[in-house]
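Throughout, this note's numbering is defined as the position within the sequence shown, counted from one, plus 316. Beta carbons are placed, not taken as given, at the ideal position from N, Cα and C, and that holds for glycine. Everything numeric in this text was worked out from a predicted model, so none of it was measured. Written below as structure tokens is the structure these notes are about.
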Amino acid sequence: MTARVGRAPSRVLVMRLVDWDGEDAAAFEPVLEALDLLTPYVEVLEPGCAAVPLRAGSGDEALFCERLIDTVSGLVDQDCLTGVADGLFAALLAARDGRIVPTGGDAAFLAGCDIADLLATGLVGPDVCETLRHLGIDTLGKFRELPPQAVAERFGAPARRAQMLAAGRFSRPLVPRPAAPELAVVETPETPYATIEHAVFAARPLAERLLRVLDERNLACTRVTVTARTGSGLERRRTWQIDPAITAADLSRRVRWQLEGWLAAGPLVHGGDEAANAVTSLELAPGGLVGLVEAGRGLWGEKTAAAIRAEAALRHTQSLLGPEAVRVAGHADGRDLAERYASAAWEVEPAPPPPSGPWPGGLPDPLPQLTGTGQEVEVLDAAGAPVAVSARGDLSATPALVALGGRRIRIAAWAGPWPVAERWWSAEARRYARLQVELADGSLALLAREDGRWRAVGWYD
Numbered sequence: 317m318t319a320r321v322g323r324a325p326s327r328v329l330v331m332r333l334v335d336w337d338g339e340d341a342a343a344f345e346p347v348l349e350a351l352d353l354l355t356p357y358v359e360v361l362e363p364g365c366a367a368v369p370l371r372a373g374s375g376d377e378a379l380f381c382e383r384l385i386d387t388v389s390g391l392v393d394q395d396c397l398t399g400v401a402d403g404l405f406a407a408l409l410a411a412r413d414g415r416i417v418p419t420g421g422d423a424a425f426l427a428g429c430d431i432a433d434l435l436a437t438g439l440v441g442p443d444v445c446e447t448l449r450h451l452g453i454d455t456l457g458k459f460r461e462l463p464p465q466a467v468a469e470r471f472g473a474p475a476r477r478a479q480m481l482a483a484g485r486f487s488r489p490l491v492p493r494p495a496a497p498e499l500a501v502v503e504t505p506e507t508p509y510a511t512i513e514h515a516v517f518a519a520r521p522l523a524e525r526l527l528r529v530l531d532e533r534n535l536a537c538t539r540v541t542v543t544a545r546t547g548s549g550l551e552r553r554r555t556w557q558i559d560p561a562i563t564a565a566d567l568s569r570r571v572r573w574q575l576e577g578w579l580a581a582g583p584l585v586h587g588g589d590e591a592a593n594a595v596t597s598l599e600l601a602p603g604g605l606v607g608l609v610e611a612g613r614g615l616w617g618e619k620t621a622a623a624i625r626a627e628a629a630l631r632h633t634q635s636l637l638g639p640e641a642v643r644v645a646g647h648a649d650g651r652d653l654a655e656r657y658a659s660a661a662w663e664v665e666p667a668p669p670p671p672s673g674p675w676p677g678g679l680p681d682p683l684p685q686l687t688g689t690g691q692e693v694e695v696l697d698a699a700g701a702p703v704a705v706s707a708r709g710d711l712s713a714t715p716a717l718v719a720l721g722g723r724r725i726r727i728a729a730w731a732g733p734w735p736v737a738e739r740w741w742s743a744e745a746r747r748y749a750r751l752q753v754e755l756a757d758g759s760l761a762l763l764a765r766e767d768g769r770w771r772a773v774g775w776y777d
């Protein structure tokens, strides 16, 4: 007869800074160092938010939360809230109100949470939450009661995983943040690098050294800070977000891009001699440390093989065309079609911020799928005369034809116009009108009239 010894599961504590508004993850480091005084097992969920496991039998949870809050406040003068639950998702939501969910009570706690709290999983978007709300599913409790197969078929596998989270049945172990030794690698040449090209030559072996140091400790990192120091004492520094599975070749390319970026901006010391601008040391410092086993995991699970292949292809494109060649698009504030989108260089710049609110007179959804063509067109009435838009936003005649590319195409249906007058008080004042048309050949276009001319600014799919 054999006896199986079970290990009591640990609970999860999530700490969230109340007034955190920092953009750089490095600014969160002093808080993590304060947490290290209480426990060596800390996982950073995002800047300003971290999680630690509470082992069974480790003592009163409320007292530990009070100690953590007092420690952070005393050492770094930051106020924080804590949440405790059986699973990470419930603890994350509980931290908003400083709650301790009783053992075994995750499902009951989550049942009353708003459906928009699914956004915290990163598995569903606002459109899914809005659709569920329109269907009368306004709480996580109602969402978890939906048939699992119907959720997977209607919204996809990620939404099904989110449903399991809402039921308190899906979790994962925390990824501890190791207490890092001094991991930065520095190259200090006997003869300072007189040119950026010389410094770039040292980037590859320096990147190999850094990855070797991390590998010896079974670690990977999610960011690297590149620092260059010159003979004048000037120090230039920039932090890059990277994939934990980055290769030495890819890492050295990022160092090269950074050095070339500084070179393109001009001498490091304006008016200085060659010795003052010579690079006396080059340093790579890792941050956001994770274990090698967990290096490919996201907040709620592992990266798929397809995602890894896609990221590798994007990095290869960057290596050929430069870091600015691969960009991430996102919705932005604005009224005109060209203003509704913004982009940022992938893994180089922060993602575009989400829209801050509704814009009166903004183009309604759905937006055109093809934009930026800007072909000049003519809008004509049935007699072939040009159609204009008055200052009051009225059409001079019923639009009947669109002249495009040497052809005249009949307008089957149209809507508008929608006049816009922007910034009338400034030198950047604009007046234009928009018109949606369905053409006889089946195409649908968004036309805009500005400065007496019509242009096709977008095409609907």
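| Per DSSP, the bridge partner or partners of residue 603 | Within the sequence shown, residue 603 is the residue found at index 287, counting from 1. DSSP output for residue 603 lists 539 as bridge partner(s).
| task | On a CA-only basis, which of 717, 450, 328 and 698 is nearest residue 408? Give me that one, please. | result | To locate residue 408, count along the sequence shown from 1; it is residue 92. The option with the nearest alpha carbon to residue 408 is 328.
| said: Using 8 Å for Cβ pairs, my map puts residue 504 next to residue 546. What's the rounded Cβ distance? | reply: Working through the sequence shown from its first residue, we reach residue 504 at position 188. Working through the sequence shown from its first residue, we reach residue 546 at position 230. Between residue 546 and residue 504 the Cβ distance is about 13 Å, and since that is not below 8 Å, they are no contact.
| task | Please confirm whether residue 551 and residue 541 have their CB atoms less than 8 Å apart. | result | Residue numbering aside, residue 551 sits at position 235 when the sequence shown is read from its first letter. Residue numbering aside, residue 541 sits at position 225 when the sequence shown is read from its first letter. In this structure, residue 551 keeps its C-beta atom at 8 Å or more from the C-beta atom of residue 541.
| Would you call the region 438–449 and the region 412–422 touching, i.e. three or more CB-CB distances under 8 Å? | no
| said: Please state the DSSP three-state secondary structure of residue 335. | reply: As a position in the sequence shown, residue 335 is number 19, starting the count at 1. It is coil, neither helix nor strand.
| query | So, helix, strand or coil for residue 507, using DSSP? | reply | Within the sequence shown, numbered from 1, the residue matching residue 507 stands at position 191. Correct three-state label for residue 507: coil.
| Straight-line gap, residue 676 to residue 726 (C-alpha atoms, nearest Å) | Counted from its first residue, the sequence shown places residue 676 at position 360. Counted from its first residue, the sequence shown places residue 726 at position 410. C-alpha separation (whole angstroms): 32 Å.
| said: What does DSSP give as the partner residue(s) for residue 658 in the beta ladder? | reply: As a first step, residue 658 must be located in the sequence shown, where it is residue number 342. Partner(s): 646.
| query | From residue 645 to residue 462, what does the alpha carbon distance come to, in whole angstroms? | reply | Within the sequence shown, numbered from 1, the residue matching residue 645 stands at position 329. Within the sequence shown, numbered from 1, the residue matching residue 462 stands at position 146. Residue 645 and residue 462: Cα-Cα distance of roughly 33 Å.
| CA-to-CA distance, residue 476 to residue 378, given in whole angstroms | For the purposes of this step, residue 378 is identified with residue 62 of the sequence shown, where counting begins at 1. For the purposes of this step, residue 476 is identified with residue 160 of the sequence shown, where counting begins at 1. Their backbone Cα atoms lie some 33 Å apart in a straight line.
| Buried versus exposed, by CB contacts within 10 Å (16 or more), residue 706 | As a position in the sequence shown, residue 706 is number 390, starting the count at 1. Burial call: exposed.
| task | Please classify residue 390: is it buried, with 16 or more other beta-carbons within 10 angstroms of its beta-carbon, or exposed? | result | The sequence position of residue 390 within the sequence shown is 74, counting from 1. A residue is called buried once 16 or more other Cβ atoms fall within 10 Å of its Cβ, and residue 390, having fewer, is exposed.
| Under the three-state DSSP convention, the category residue 772 falls into | Residue mapping note: residue 772 aligns to position 456 of the sequence shown, counting from 1. If DSSP states are grouped into helix, strand and coil, residue 772 belongs with the strands.
| request: Along the alpha helix (DSSP H) that carries residue 753, what are the first and last residues, could you check? | output: Here residue 753 is taken as the residue at index 437 of the sequence shown, counted from 1. No alpha helix (DSSP H) holds residue 753; the beta strand (DSSP E) holding it covers 746–755.
| Does the distance from the CB of residue 669 to the CB of residue 659 come in under 8 Å? | Working through the sequence shown from its first residue, we reach residue 669 at position 353. Working through the sequence shown from its first residue, we reach residue 659 at position 343. Not closer than 8 Å, so no.
| task | For residue 651, I'd like the list of residues in its chain whose CB is within less than 6 Å of its CB, leaving aside the five on either flank, ordered along the chain. | result | For this step, residue 651 is matched to residue 335 along the sequence shown. Excluding positions up to five away in sequence, the list reads 675, 677 and 678.
| field | Terminal residues of the alpha helix (DSSP H) in which residue 423 lies | value | The count along the sequence shown starts at 1 and reaches residue 423 at position 107. Membership of residue 423 in the alpha helix (DSSP H) is indicated by the continuous run 422–427.
| Roughly how many angstroms lie between the CA atoms of residue 383 and residue 364, to the nearest whole one? | Within the sequence shown, the letter at position 67 stands for residue 383. Within the sequence shown, the letter at position 48 stands for residue 364. Residue 383 and residue 364: Cα-Cα distance of roughly 18 Å.
| said: Assuming residue 518 is part of the alpha helix (DSSP H), what are its boundary residues? | reply: Residue numbering aside, residue 518 sits at position 202 when the sequence shown is read from its first letter. Careful: residue 518 lies outside any alpha helix (DSSP H) and carries neither H nor E.
| Hey, how far is the Cα of residue 368 from the Cα of residue 330? | Taking the first residue of the sequence shown as 1, we reach residue 368 at position 52. Taking the first residue of the sequence shown as 1, we reach residue 330 at position 14. Separation of residue 368 and residue 330 (C-alpha to C-alpha, rounded to the nearest whole angstrom) is 7 Å.
| query | Residue range of the alpha helix (DSSP H) that residue 466 falls in? | reply | By 1-based counting over the sequence shown, the position of residue 466 is 150. That run of the alpha helix (DSSP H) goes 464–471.
| query | When you compare only the Cα positions, how much space is there between residue 695 and residue 756? | reply | On the sequence shown, position 379 is the one that residue 695 refers to. On the sequence shown, position 440 is the one that residue 756 refers to. Each residue's alpha carbon lies about 14 Å from the other.
| task | Mark residue 424 as exposed unless 16 or more other C-beta atoms lie within 10 angstroms of its C-beta, in which case mark it buried. | result | Counting from 1 along the sequence shown, the entry for residue 424 is found at position 108. Exposed is the call here.
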